[in-house]
Amino acid sequence: MTDTSFLGKLRALLGDPGGDVIYPCIQDLVENGLTVARFSPADPIPTRQDVTQYLASWCRHAGLSQEDCLAWLAEYSVAMLSSISRTSPSGIRGSTKSNLKHIYRADIPFICECDENPFRAHCSANCPVYADMQVKLLERKSKKPDIEHVIERPAEIFEMQKVSVRETYKEQFEAALEVIRGEMERGTERKAILDLLIERGFKTRTGKRWTYSILGNEQSRIRQGPLVESLPVRQAGSLRLERSADNMTKESKEGNP
């Protein structure tokens, strides 16, 4: 369903001649949201997070302040992207804020990917940045992420990091978790999720570079549920052991009436 109200609000924020930076793909997403009908049953459907981060990086590219972008993008995400998300409106607003802060602080560039954009959004060779974006897309494809599946230090060592370090990276780590959850729901393999986190510049809860083993640990915490996910690493491990022991006891009782 087309909604032109968000496009009007966006034009007002950008001012004149702000319309020059509302590229065809952006206008399509703003007016229509993600058009799921453009994807075949076998195609992976982009998540709300994907659309939010794409538009947030564009807002920064277009010169919108972080505050103006948040005011517009949060309401847009609730109204236009709720249909592809199981998150509550308040959760969507919070997630949008975390994603936006990370993109603005980390200087994430806007690369639309032209005809290859993952949203199947409209694209035109007459777009004012089409040629420039083609060059950037080719540069991105030529760069292979330097993925190192190294052995990480024991999780307990991270617990010794200063609280200030955790606080420094808290917002962007929460944004990374949103990406991980979304990709897990889509059934994306861990290697592909790792590539995505590194490409977007996300850091771990202690500001480290994401690695295969760290991602695996965080995925385990997510699968254990909100309670385990919210606890420090050492406490979470203890709780998992307790749950395992309780399950074993329950199974033993059921097997011996």
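Residue numbers for the sequence shown follow my numbering, so the first one is 8 and each next one is one higher. Built from N, CA and C at the ideal position, the CB exists for glycine as well. From a predicted model like this one, the values you see are computed outputs, not experimental measurements.
* Distance between arginine 193 and glutamate 208 (C-alpha atoms, nearest Å) -> Contrary to the premise, residue 208 reads as glycine rather than glutamate in this sequence. Rounded to the nearest angstrom, the two C-alpha atoms are 21 Å apart.
* Classification of threonine 80 by the beta-carbon crowding that lies within 10 angstroms, buried from 16 upward -> Strictly speaking, residue 80 in this sequence is leucine, with threonine absent from that position. Residue environment for leucine 80: buried (at least 16 other C-beta atoms within 10 angstroms of its C-beta).
* Asked: Of the choices Leu20, Ala199 and Leu88, whose alpha-carbon is the least far from that of threonine 218?
  -> Taking threonine 218 as reference, the option from Leu20, Ala199 and Leu88 with the minimal CA-CA separation is Ala199.
* **Between the CA atoms of cysteine 119 and valine 142 - distance to the nearest angstrom** => Distance from the CA atom of valine 142 to the CA atom of cysteine 119, rounded to whole angstroms, is 11 Å.
* Asked: Can the beta-carbon of leucine 36 be found closer than 8 Å to that of proline 53?
  -> Not a contact, by the Cβ cut-off of 8 Å.
* Between the Cα of threonine 59 and those of Gly70, Ala49, Arg100 and Phe46, spot the shortest distance and give me the residue it belongs to. => The candidate whose alpha carbon is nearest that of threonine 59 is Arg100.
* On the three-state DSSP scale, how would you describe lysine 210? -> It is a strand residue.
* Asked: For isoleucine 91, which of Gln34, Arg55 and Gly22 has the nearest alpha-carbon?
  -> Comparing Cα-Cα distances from isoleucine 91 to each of Gln34, Arg55 and Gly22, the minimum goes to Arg55.
* Contacts around proline 96, its chain only, beta-carbon distance under 8 Å, and the 5 residues preceding and following it disregarded -> Within the same chain, proline 96 has close Cβ partners Val85 and Ser89.
* Asked: For arginine 188, which residues does DSSP report across the bridge?
  -> Answer is none; arginine 188 lacks a bridge partner.
* To do: Pick helix, strand or coil for arginine 100, following the three-state DSSP scheme.
  => When secondary structure is reduced to three states using DSSP, arginine 100 falls in the helix class.
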